[in-house]
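Here the structure comes first, spelled out in structure tokens, and everything after it is commentary.
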């Protein structure tokens with residue numbers, strides 16, 4: 001099991017919102033949020049994978065796309 005991989009599937013909206021949150025997380029002092037440094041490597045790997053998979057991160061209307069994704073993911077009352 002050591003070398004096996006795990007695949008996680010996300011919608012585009014989920015990936016965009018998660019990418020934004022991970023970016024904010026990485027901009028903080030990770031040691032304050034994540035108490036085990038061994039977890040940092042997978043956090044950076046996931047964030048990097050999302051960065052490569054989401055071309056909308058680099059579009060001029062990124063903020064609008066992010067907000068639209070957040071609205072679609074919000075649970076209905």
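Numbering (the numbering used here), first residue to last: 1 to 77.
C-beta atoms are modelled at their ideal positions from N, C-alpha and C, and glycine is treated no differently.
Using only the alpha-carbon positions, how far apart do residue 41 and residue 63 sit? Here residue 41 is taken as the residue at index 41 of the chain shown, counted from 1. Here residue 63 is taken as the residue at index 63 of the chain shown, counted from 1. One C-alpha to the other measures close to 27 angstroms.
Measure the alpha-carbon distance for residue 52 versus residue 24 and round it to whole angstroms. Looking up residue 52 in the chain shown gives position 52. Looking up residue 24 in the chain shown gives position 24. If I take the Cα positions, the gap works out to 17 angstroms.
Assuming residue 73 and residue 17 make a contact with CB atoms under 8 angstroms, what is their CB distance in whole Å? Locating residue 73 in the chain shown gives position 73, counting from the first residue. Locating residue 17 in the chain shown gives position 17, counting from the first residue. Contact holds; Cβ gap of about 6 angstroms.
When 50, 70, 59 are compared against residue 89, the one with the closest alpha-carbon: With the chain represented from 1 up to 77, any question about residue 89 goes unanswered, as that position is not in the structure.
Whose CA, out of 56, 26, 58, lies closest to the CA of residue 44? Indexing the chain shown from 1 puts residue 44 at position 44. Out of 56, 26, 58, 26 has the C-alpha closest to the C-alpha of residue 44.
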